[in-house]
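Reading through the structure tokens given below for one structure.
Protein chains: 2
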Amino acid sequence: MIRTVSTPRKHPPERRRPGTVSIRDVALRAGVSIATVSRAVNRIPTVDSELASRVWKAIDEVGYLPNTQARALVSGRSRLLGLIVSEITNPFFPELVQEFETLATSQGYEVLIGSTNYDPARTESLMRRLLQRNVDGVAVMTFGVEEDLVKKLVEREFPLVFVDAGPNLPNIHVLKVDYGEGIRQGVQHLAALGHRSIAFISGPLAQRSPKVRLDAFLKSMDELGIHVPAEHQVEGTHTMEGGITAMEQLLALDKLPTAVMCSNDMTAIGALHALYRTPLKVPQDISIVGFDDIHLAQFMLPPLTTVQMSCRSLAVAAIEALRAGIEPDHPKARQKEWLISTRLVVRQSSTFPRGSLPAMSHSAQQRHGPAR
Amino acid sequence: MIRTVSTPRKHPPERRRPGTVSIRDVALRAGVSIATVSRAVNRIPTVDSELASRVWKAIDEVGYLPNTQARALVSGRSRLLGLIVSEITNPFFPELVQEFETLATSQGYEVLIGSTNYDPARTESLMRRLLQRNVDGVAVMTFGVEEDLVKKLVEREFPLVFVDAGPNLPNIHVLKVDYGEGIRQGVQHLAALGHRSIAFISGPLAQRSPKVRLDAFLKSMDELGIHVPAEHQVEGTHTMEGGITAMEQLLALDKLPTAVMCSNDMTAIGALHALYRTPLKVPQDISIVGFDDIHLAQFMLPPLTTVQMSCRSLAVAAIEALRAGIEPDHPKARQKEWLISTRLVVRQSSTFPRGSLPAMSHSAQQRHGPAR
DNA sequence: TCACAGGCGGCAAACGTTTCCCTGCCCAGA
DNA sequence: TCTGGGCAGGGAAACGTTTGCCGCCTGTGA
Chain A
700 MIRTVSTPRK
710 HPPERRRPGT
720 VSIRDVALRA
730 GVSIATVSRA
740 VNRIPTVDSE
750 LASRVWKAID
760 EVGYLPNTQA
770 RALVSGRSRL
780 LGLIVSEITN
790 PFFPELVQEF
800 ETLATSQGYE
810 VLIGSTNYDP
820 ARTESLMRRL
830 LQRNVDGVAV
840 MTFGVEEDLV
850 KKLVEREFPL
860 VFVDAGPNLP
870 NIHVLKVDYG
880 EGIRQGVQHL
890 AALGHRSIAF
900 ISGPLAQRSP
910 KVRLDAFLKS
920 MDELGIHVPA
930 EHQVEGTHTM
940 EGGITAMEQL
950 LALDKLPTAV
960 MCSNDMTAIG
970 ALHALYRTPL
980 KVPQDISIVG
990 FDDIHLAQFM
1000 LPPLTTVQMS
1010 CRSLAVAAIE
1020 ALRAGIEPDH
1030 PKARQKEWLI
1040 STRLVVRQSS
1050 TFPRGSLPAM
1060 SHSAQQRHGP
1070 AR
Chain B
700 MIRTVSTPRK
710 HPPERRRPGT
720 VSIRDVALRA
730 GVSIATVSRA
740 VNRIPTVDSE
750 LASRVWKAID
760 EVGYLPNTQA
770 RALVSGRSRL
780 LGLIVSEITN
790 PFFPELVQEF
800 ETLATSQGYE
810 VLIGSTNYDP
820 ARTESLMRRL
830 LQRNVDGVAV
840 MTFGVEEDLV
850 KKLVEREFPL
860 VFVDAGPNLP
870 NIHVLKVDYG
880 EGIRQGVQHL
890 AALGHRSIAF
900 ISGPLAQRSP
910 KVRLDAFLKS
920 MDELGIHVPA
930 EHQVEGTHTM
940 EGGITAMEQL
950 LALDKLPTAV
960 MCSNDMTAIG
970 ALHALYRTPL
980 KVPQDISIVG
990 FDDIHLAQFM
1000 LPPLTTVQMS
1010 CRSLAVAAIE
1020 ALRAGIEPDH
1030 PKARQKEWLI
1040 STRLVVRQSS
1050 TFPRGSLPAM
1060 SHSAQQRHGP
1070 AR
């Protein structure tokens, strides 16, 4: 016969970690029902304040911590956010991770971090993990989105945040980084110093963001009517190694550029290192400008002139966009695009080209004059 | 009257994310019970192979992914590991995080990363978060454990992994880094080159690991019968800024040391930067030796001689130790200590002191001879 | 004093699993 | 043919919450 009456289990398996306290213990102690405890914990205003304080007292006494998985199971929201970066070992990303994490946790979210390392298999498993853990939303901060990854995420109707570009669908938010502004400032800064021969070391051009940065550079140069010969566009890898290799390529040219802009700071740092090995001095013989403004940049020798893209703004926007997607009545639920501005930070790796005495103001000359 | 009979709820709240499939859907499709699906998914061998393949087919067809929170709720194991580091922006840690994450996820665990930033409030909230999420174990890789943090964790009887030292309790595993070996190699390397005046820039000595490193240095020096004057022991912060400041302190001395060992690579890099600003050349005028062997070290100018502490070994040991603590019948469940070795990596930031012509073999002279 | 309204708080369903227990089937042995 | 044993698979309890529904209590107005 089928057992229809509730027969209590003989040997309930021992699972609870010692010291774990459930809502039931609190309810018992406070002399209320578990429903009331739950409502008190969630600060539902209908619960009587005297009762609530009794509950809070009990919570304190027994050391209760709500079980997140049970919460997530019933509420359907895990309060987990996914953060996908290209490679955690690139110094830009830890800074971003740090900001993102600080903000997320202060708002009651936990962060699962994944690093794709540009490896499709890794990305694939990362996606599966995020789906299984039921993340509430994912920020894809890879600066070069893999198409199939996007598709997988999109069909689950996840709140998603991309950088630079993403499919135009509901629930997809895009952080539009205004590369143009910062890069134009950089180019104009160099041009004002008298540079006419400016090379660009890009990132891997198969990815979207490096491509956009290169285009912004070319556009700015074009606006000034300066031609960029093909040999002055070198493809790097957004790593220090790539910067070294690319700079060596430039050094092998018959005619060196007088300035080099780089698609990110690690590339610029690589370029500096390649130059240290030559008799050439930075900035007197060649000016270097980076992009990102990572922490390391200001400690370079000379301190790196670079275009700042604020990690903090990126993180703030990403979290806000995600929450807008997660919470149906968020004030900005309809907003699709979030603008991130960039701006030039002038340090000492850029000055006027040797031999040229540009028409510049006294103060500018002081500021950009050769260091040491 | 109290409702005792199961009255179906009128308006069940809509929670499931579209596209989400539960075990019930699979069971329906395969024409089996959910118990069988569960058993098939968990590869319980008693389930008939024909049935199992029908279940797997159904899983594939409906795109089923097990819900981790439900699993965790019932099994009492979240398959989440906590990883606590001091500061994620210190380049050593991302490398560690990367290794740890790769290993953990390949074994079916997810990683929650927390960065204490040496801030007790941050640490406190971090602990609460980890407890709420019900992590199966925590690796505390901060190289300087806050005592109250330890206590909190210990009383929950968590599997815990510490670096260097931890309370001697069940469930607590300690990764013993053999600083002595690597640091002795470093000191002997310098001594063999002819150095007798070797300074040490330590980390923050309030923390345990920096203290141990300093002691290892002093012990090695003592073994060689070399006295270390107090002014040759400078306290840094394990950051580049700290390295710069500490090196400047050394530079202000009447009599410079001929070599400087540093408690970590970032400090050494800071020291290099401080030296770049002087006429002194590394390694001809002063030798610098780091500790950690972070990725950046080999790209310094000159490439940094340093003591390697392998991130990979640390991560491997940490994960293995955690699993030993989590899984009751793990082969190494009883092992308390895990040894991590260190070794010197000679690059080009160390050579014989100027003016001294040490008795050394021809090959050694070639190897350590002044670069450039 | 009674009727009624409003709101606090308790009961129990539901979330998606795992796993205990038990049934029913199959097969071997007598 | 009957009995017994082994075992595959199904039913349902349990994990710790949130939340819909409803009862009871209190307060107000006639």
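So the protein lines, in turn, are chains A and B. When you line the first sequence up against the working numbering, it's residues 700 to 1071, in that order. When you line the second sequence up against the working numbering, it's residues 700 to 1071, in that order. Just so you know, even glycine gets a beta-carbon here, dropped at the ideal spot from N, CA and C. Just so you know, these numbers come straight off a predicted model, no measurement behind them.
Consult DSSP for residue i and reduce its assignment to one of helix, strand or coil.
i	result
B:R895	coil
B:Q1034	coil
B:P823	Reading the sequence as shown, one finds Glu at residue 823 of chain B and not Pro. Here B:E823 sits in helix by DSSP.
A:A734	helix
B:T767	helix
A:R1053	coil
B:L917	helix
B:F990	strand
B:R1042	strand
B:H937	coil
A:E809	strand
A:T1004	strand
B:G1024	helix
B:I1128	Since the displayed chain B opens at 700 and closes at 1071, residue 1128 of chain B lies outside it and no answer follows.
A:K875	strand
A:R1071	Confidence at A:R1071 is low in this model, with a pLDDT of 38, below 50, so its placement is unreliable and the value that follows should be read with caution. The answer is coil: DSSP assigns A:R1071 none of H, G, I, E or B.
A:F861	strand
A:M999	coil
B:L780	strand
State the Cα-Cα distance for the pair residue i and residue j, rounded to the nearest angstrom.
i	j	result
B:N833	B:P819	21 Å
A:D991	A:L913	14 Å
B:A898	A:H872	54 Å
A:L782	B:Q768	19 Å
B:L852	B:A967	34 Å
A:R702	A:A734	Its pLDDT being 41, under 50, A:R702 is placed unreliably in this model, and the value from its coordinates should be taken loosely. Each residue's alpha carbon lies about 30 Å from the other.
B:H1023	A:S962	A quick correction: the sequence has Ala, not His, at residue 1023 of chain B. So the two alpha carbons sit approximately 45 Å from each other.
B:D984	B:L1003	15 Å
B:K850	B:S896	42 Å
B:T957	A:E947	33 Å
A:G893	A:Q1047	16 Å
B:P982	B:R1053	9 Å
A:E1026	A:R1033	11 Å
A:E749	A:R723	19 Å
Contact check, residue i vs residue j under 8 Å by CB: the rounded distance?
i	j	result
B:L640	B:Y808	Residue 640 of chain B is absent from the model: chain B starts at 700 and stops at 1071.
B:E940	B:S901	Contact flag wrong, Cβ pair sits at about 15 Å.
B:I993	B:L971	In fact, because the Cβ distance is near 13 Å, the residues do not count as touching under 8 Å.
A:L825	A:T815	7 Å
A:P903	A:T936	6 Å
B:L1043	B:G881	6 Å
In chain B, what lies closer than 7 Å to residue i by C-beta?
i	result
A:I787	P793, V796 and Q797
A:M939	F998
A:P790	P790
Give me the chain A residues within the contact set of residue i, using Cβ-Cβ distance strictly less than 8 Å, ordered along the chain.
i	result
B:G718	E854, R855 and E856
B:R828	T804 and E809
Please name the residue, chosen from the options, that lies closest to residue i on a Cα-to-Cα basis.
i	options	result
B:H888	B:S901, B:S774 and B:F916	B:F916
B:T1041	B:Q797, B:R1011 and B:G969	B:R1011
B:V837	B:A1032, B:A1017, B:G1054 and B:E1026	B:A1017
A:E786	A:R821, A:V810, A:T1004 and A:V1006	A:R821
B:V862	B:H894, B:K875 and B:V736	B:K875
A:G885	A:T788, A:V1006, A:E947 and A:Q831	A:V1006
A:L974	A:L1000, A:K954 and A:L995	A:L1000
B:D953	B:D835, B:E930 and B:G813	B:E930
A:E1019	A:W1037, A:M1008 and A:K910	A:W1037
B:T841	B:A757, B:G879, B:F792 and B:L802	B:F792
A:K1035	A:N870, A:P765, A:R828 and A:S752	A:N870
Please compile the residues from chain A whose C-beta is within a distance smaller than 7 Å of the C-beta of residue i.
i	result
B:S777	Q768
B:Q831	L764, P765 and T767
B:Y975	L1000
Interface residues of chain B around residue i at Cβ under 9 Å?
i	result
A:H994	T788 and M939
Using a C-beta to C-beta distance shorter than 8 Å, which residues of chain B count as neighbours of residue i?
i	result
A:L955	By Cβ distance, chain B contributes nothing, its closest Cβ being about 20 Å from A:L955, past 8 Å.
A:S814	Q797 and E800
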